[in-house]
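Notes to accompany the following structure.
Protein chains in written order, with this note's numbering: chain U, 1 to 312; chain D, 1 to 256.
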């Protein structure tokens, strides 16, 4: 998973250059630039409204950018040449319900120059025995797997997955991840949007975190996790800056005169030590490092979904 | 990475797309039955039963042409107007737009499907008229009438497609019905146009079904006597205008 840190040695699959898009008075995507190289899995992470789906749609050419440009395989994304090398899994409410799994796959395969044999698609996507079942008769997880099948049946070089595991239970999600990883090992390039940090962690080489349409952070899943895990402690303390800096896991100390700010990578440990070292600490608050609101959203989304899963 | 040189078979795409469309329609009885049964039912009531007095096949012939017109509009308006709006709402259209599907294959599939259903509606009316309404026509008239009616579903495919792309899926069925039924009545499909007051006869000139009905009636020598080219011209213009609107809508679907 580390080889993706050397993108220069690989073929460029997608180039997004300073792309912006606004809806009425809301800027959905704000001057985003990114390059995607062959064989990498890029996760676009962010809460609802961060611009993930807009960015995907801009990359697919389904939305026109107000400014900036997108190239897939060096071509405009709406060009037939680019589309024939791209597969897409969108957040689709439903597809024609009376059409059977086999028929859906056959139809989408016909759009591509060199599709995968039908039986192989069915096997790869875990749809064995469901070929003759109508879409409406599939479970939620099976429907997601069919939509995934439609995105890869043409053996595209690049696959866009827009929140592929929304609504899946934990087991189904794990199984789905292993199917995607299997495809990735065959050299496919994947762009994935997700609410779930866990999903990005399980699949991606690189994570882009969107916040209000801008890239708020970028790096490996581990980078993102460590940045986001950091916290800022604000308090009134009688200790001086040097003493505060010596507390465990403190990265940075700032003194604004009446209050001190500690940036900690392990907030619980730092707090414990702080409270012990200075019994007079007052006005204590703990907050995130700017990505916090993004993650608050992420966590609440995640727990909301989990509750739904339990309820259903 | 070299497969971009090759091309998929266009014929196979069009074939599978059409097959999918036919499967979709024939597997949902809710669409199929009203589309076929309403024109037949109306024709039996108003063209055949109400006409027991007999005019030696005159009224049944007239109404075969007008209910034929009524019958070919429904598959086009509903398949396109409602069907497309629903698929747009489901997000299915988005997925198709993102795929390498040629957009014309989608339109083609629905058009073929409409033509097939129009033909079935028309043949049903012919059988009813010939067996129970004493409709007697030359073979050339039967054939020409069928051809006129079936091909005249094309302008309504265009109207339906534009409506389907513009309308919200929840609103589509109501709006299509609101367009379909008054338009059918005002075009003289239920009550012969000669019985209309002058003002309404003038209004009918602006409605596409009126021109279809007049073309169909011309085949059996029962039209009001306007020029063929005028009817064809209006229908052609309607097709072009609504195809252009549909194209515009298709391109803006992406921008919402």
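Quick reminder that beta carbons are idealized off the backbone N, C-alpha and C, glycines included.
Residue 158 (chain D) versus D:125, D:21, D:66, D:81, residue with shortest Cα-Cα distance: For the purposes of this step, residue 158 (chain D) is identified with residue 158 of the second chain, where counting begins at 1. Nearest of D:125, D:21, D:66, D:81 to residue 158 (chain D), Cα basis: D:81.
Neighbour flag for residue 313 (chain U) against chain D, beta carbons, 7 Å: A question about residue 313 (chain U) goes unanswered here, because the residues of chain U that appear run from 1 up to 312.
Burial state of residue 304 (chain U) (16 or more Cβ within 10 Å): Position 304 of the first chain, counted from the first residue, corresponds to residue 304 (chain U). Only weak support is given to the placement of residue 304 (chain U): the predicted model assigns it a pLDDT of 40, under 50, and the value that follows is read from those uncertain coordinates. With fewer than 16 Cβ atoms within 10 Å of its Cβ, residue 304 (chain U) is classed as exposed.
Cβ-Cβ separation, residue 36 (chain D) to residue 121 (chain D) (assumed contact under 8 Å), whole Å: Translated into positions along the second chain, residue 121 (chain D) becomes position 121. Translated into positions along the second chain, residue 36 (chain D) becomes position 36. Sure, about 6 Å apart at Cβ, within 8 Å.
For residue 54 (chain U) and residue 294 (chain U), the rounded distance between their alpha carbons: Within the first chain, residue 294 (chain U) is the residue found at index 294, counting from 1. Within the first chain, residue 54 (chain U) is the residue found at index 54, counting from 1. With a pLDDT of 49 at residue 294 (chain U), under the threshold of 50, the modelled position of this residue cannot be trusted, and the question is left open.
Given residue 187 (chain D) as reference, the closest of D:224, D:220, D:172 once Cα atoms are compared: Along the second chain, read from residue 1 onward, the residue named residue 187 (chain D) stands at position 187. Nearest of D:224, D:220, D:172 to residue 187 (chain D), Cα basis: D:224.
Buried versus exposed call for residue 115 (chain U) [16 or more other C-beta atoms within 10 Å across all chains shown]: In the first chain, the residue the question calls residue 115 (chain U) occupies position 115. Per the 10 Å Cβ criterion, buried.
Opposing strand residues paired with residue 72 (chain U) [DSSP bridges]: In the first chain, residue 72 (chain U) corresponds to position 72, counting from 1. In the DSSP output, where bridge partners are listed per residue, residue 72 (chain U) has U:14, U:75.
The segment 76-84 of chain U contacting the segment 78-95 of chain D, beta-carbon criterion three pairs below 8 Å: no
Assigned exposure category for residue 123 (chain U) - 16 Cβ within 10 Å defines buried: For the purposes of this step, residue 123 (chain U) is taken as the residue at position 123 of the first chain. Its Cβ having fewer than 16 others within 10 Å, residue 123 (chain U) is exposed.
Identity of the residue in U:144, U:183, U:171, U:283 nearest residue 120 (chain U) by Cα: For the purposes of this step, residue 120 (chain U) is taken as residue 120 along the first chain, with counting starting at 1. Closest option to residue 120 (chain U), Cα to Cα, is U:183.
Buried or exposed by the 16-neighbour rule on C-beta atoms within 10 Å, applied to residue 205 (chain U): Position 205 of the first chain, counted from the first residue, corresponds to residue 205 (chain U). Buried: at least 16 other Cβ atoms inside 10 Å.
Where the segment 90-116 of chain U meets chain D: residues whose CB sits under 7 Å from a CB there: 90, 91, 92, 93, 94, 95, 96, 98, 99, 103, 106, 107, 108, 110, 111, 112, 113, 114
Presumed contact (8 Å Cβ cut-off) between residue 92 (chain U) and residue 147 (chain U), rounded CB distance: Counted from its first residue, the first chain places residue 92 (chain U) at position 92. Counted from its first residue, the first chain places residue 147 (chain U) at position 147. That belief holds up - the Cβ atoms of residue 92 (chain U) and residue 147 (chain U) are roughly 6 Å apart, short of 8 Å.
Rounded Cβ spacing between residue 250 (chain U) and residue 264 (chain U) (contact assumed at less than 8 Å): Locating residue 250 (chain U) in the first chain gives position 250, where the first residue counts as 1. Locating residue 264 (chain U) in the first chain gives position 264, where the first residue counts as 1. Their Cβ separation, rounded to whole angstroms, is 5 Å, which keeps residue 250 (chain U) and residue 264 (chain U) in contact under 8 Å.
Beta-carbon proximity list for residue 155 (chain U), same chain, < 8 Å, skipping 5 on both sides: Here the question's residue 155 (chain U) lines up with position 155 in the first chain. Excluding positions up to five away in sequence, the list reads 112, 114, 115, 116.
Where the alpha helix (DSSP H) containing residue 24 (chain D) begins and where it ends: As a working mapping, residue 24 (chain D) is identified with position 24 in the second chain. Element bounds for residue 24 (chain D): 10-27.
Where the segment 209-238 of chain U meets chain D: residues whose CB sits under 9 Å from a CB there: none
Distance CB(residue 47 (chain D))-CB(residue 134 (chain D)) smaller than 7 Å: Working through the second chain from its first residue, we reach residue 47 (chain D) at position 47. Working through the second chain from its first residue, we reach residue 134 (chain D) at position 134. No, the pair does not count as a contact, with Cβ atoms beyond the cut-off.
Backbone secondary structure at residue 23 (chain U) - three-state DSSP: For the purposes of this step, residue 23 (chain U) is identified with residue 23 of the first chain, where counting begins at 1. DSSP places residue 23 (chain U) in strand when its eight states are reduced to three.
Beta-carbon proximity of residue 209 (chain U) to residue 58 (chain U), cut-off 7 Å: The sequence position of residue 209 (chain U) within the first chain is 209, counting from 1. The sequence position of residue 58 (chain U) within the first chain is 58, counting from 1. It is not a contact, given that the beta carbons lie outside the stated cut-off.
For residue 143 (chain U), the three-state DSSP class (helix, strand or coil): In the first chain, residue 143 (chain U) corresponds to position 143, counting from 1. If DSSP states are grouped into helix, strand and coil, residue 143 (chain U) belongs with the helices.
Separation of residue 85 (chain D) from residue 85 (chain U), as counted between CA atoms: As a working note, residue 85 (chain U) is residue 85 in the first chain. As a working note, residue 85 (chain D) is residue 85 in the second chain. Between residue 85 (chain U) and residue 85 (chain D), the C-alpha separation is close to 28 Å.
Length of the line joining the Cα atoms of residue 309 (chain U) and residue 168 (chain U): Within the first chain, numbered from 1, the residue matching residue 309 (chain U) stands at position 309. Within the first chain, numbered from 1, the residue matching residue 168 (chain U) stands at position 168. The predicted model places residue 309 (chain U) with a pLDDT of 40, which falls under 50 and marks its position as unreliable; any figure quoted below should be read in that light. Looking at the two C-alpha atoms, the distance is approximately 8 Å.
Entirely enclosed alpha helix (DSSP H) segments - the segment 143-178 of chain D, minimum 4 residues: 153-166
Separation of residue 239 (chain D) from residue 145 (chain D), as counted between CA atoms: For the purposes of this step, residue 145 (chain D) is taken as the residue at position 145 of the second chain. For the purposes of this step, residue 239 (chain D) is taken as the residue at position 239 of the second chain. Distance between the alpha carbons of residue 145 (chain D) and residue 239 (chain D) is about 20 Å.
Proximity winner among D:142, D:160, D:60, D:32, relative to residue 272 (chain D) (alpha-carbon distances): The first residue shown for chain D is 1 and the last is 256, placing residue 272 (chain D) beyond what the model contains.
Local conformation of residue 6 (chain U) per DSSP, three classes: Stepping through the first chain from its first residue, residue 6 (chain U) is reached at position 6. Residue confidence is low: residue 6 (chain U) scores 46 on pLDDT, short of 50, so the model does not pin down where it sits. No coordinate-derived value is stated.
Validate contact between the segment 90-110 of chain U and the segment 169-180 of chain U using beta carbons, cut 8 Å, 3 pairs: no
is_contact[residue 88 (chain U), chain D] using C-beta, thresh 7 Å: For this step, residue 88 (chain U) is matched to residue 88 along the first chain. Taking Cβ atoms only, chain D reaches closer than 7 Å to residue 88 (chain U), which makes this a yes.
Best match in D:127, D:13, D:103 for proximity to residue 61 (chain D) [C-alpha to C-alpha]: One-based indexing of the second chain puts residue 61 (chain D) at position 61. It is D:127 whose Cα lies nearest to the Cα of residue 61 (chain D).
Beta-carbon contacts of residue 164 (chain D) that lie in its chain and below 6 Å, excluding the five residues immediately before and after: The residue labelled residue 164 (chain D) in the question sits at position 164 within the second chain. Here the set comprises 80, 81, 84, 85.
Same chain, Cβ closer than 7 Å to residue 40 (chain U), neighbours up to 5 away in sequence not counted: Translated into the one-based positions of the first chain, residue 40 (chain U) becomes position 40. Excluding positions up to five away in sequence, the list reads 4, 189, 205, 206.
Supposed close pair residue 118 (chain D), residue 148 (chain D) - CB separation, criterion 8 Å: As a first step, residue 118 (chain D) must be located in the second chain, where it is residue number 118. As a first step, residue 148 (chain D) must be located in the second chain, where it is residue number 148. With 8 Å as the limit, residue 118 (chain D) and residue 148 (chain D) do not qualify as a contact, their Cβ atoms being about 11 Å apart.
Reduced DSSP secondary structure (H/G/I, E/B, other) of residue 163 (chain U): One-based indexing of the first chain puts residue 163 (chain U) at position 163. Of the three classes helix, strand and coil, the one that applies to residue 163 (chain U) here is coil, per DSSP.
Counted within 10 angstroms of its Cβ, other Cβ atoms place residue 64 (chain U) as buried (16 or more) or exposed: Here residue 64 (chain U) refers to the residue found at position 64 of the first chain. That one is exposed.
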